[in-house]
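Going by the working numbering, the first residue of the sequence shown is number 1247, and it counts up by one from there. For each residue, glycine too, the CB sits at the ideal point set by N, CA and C. As the structure is a computational prediction, the values presented were derived from the model and not from experiment. What follows is a short report on a single structure.
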Amino acid sequence: MSSKKLTCLECGQLNRVPEDRLGASAKCGTCGAKLLPGKAVEVDLATLQKAARNDDLPLVVDFWAPWCGPCRMMAPEFSKAATELNGQARLVKLNTEQHQAAGQTYGIRGIPTMAAFAGGRERARQSGAMPAASIVNWVRGAI
Ligand SMILES: [Zn+2]
């Protein structure tokens, strides 16, 4: 039975989950948080980097900030997309105001910007707010 590597979005612990147990009930062995939360979760830069590098499930990041109107408009859409894509990709949010090194690390020029990671590499990047259906289509095309 093969297993998948997944970084816990709450505590940053790298988990190995048998493929047949990778469902809604899969939990982090360290902190007990759900590994597939089915919604967009806020992460810090260290967790983002670890998950982008190691995870066997695609990861999509929304770089945003509280002062950015289009970012706030997109938040519920991104969250809907996270629910729809549950099991195919994990969607996370990174607050670039709280984690200012992120902008430089990932070369973010404007927000909102989404980046999709799969197989340890960035596969696609998209700037500007989008509705949930467009986010879902873009993610499926990117991974
Ligand atoms: Zn955890």
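Would the beta-carbon of E1256 be found less than 7 Å away from any heavy atom of ligand 1?
For ligand 1, at least one heavy atom lies less than 7 Å from the Cβ of E1256.
In the DSSP output, what is Q1344 paired with across the bridge?
BP columns for Q1344 are empty, so no partner.
Is it buried or exposed for N1341, if we count other Cβ within 10 angstroms and need 16 for buried?
N1341 should be labelled buried.
List the endpoints of the continuous alpha helix (DSSP H) containing M1319.
Here the alpha helix (DSSP H) through M1319 covers G1315 to E1330.
Any contact between the region 1257-1275 and the region 1306-1313? By contact I mean 3 or more CB pairs, one from each, below 8 Å.
Too few Cβ pairs lie closer than 8 Å, so no.
Would the beta-carbon of K1285 fall within 8 Å of that of A1328?
Yes, these two residues count as a Cβ contact at 8 Å.
Using only the heavy atoms of ligand 1, determine whether one of them is closer than 7 Å to the beta carbon of G1293.
Sequence check: residue 1293 is Thr here, not Gly. Every heavy atom of ligand 1 is 7 Å or more from the Cβ of T1293, so no.
Taking all protein chains shown into account, decide if C1277 is buried (16 or more other Cβ within 10 angstroms of its Cβ) or exposed.
Label assigned to C1277: exposed.
A1316 and A1375: beta carbons closer than 8 Å?
Checking the displayed sequence, the identity of residue 1316 turns out to be Pro instead of Ala. It is a contact, given that the beta carbons lie within the stated cut-off.
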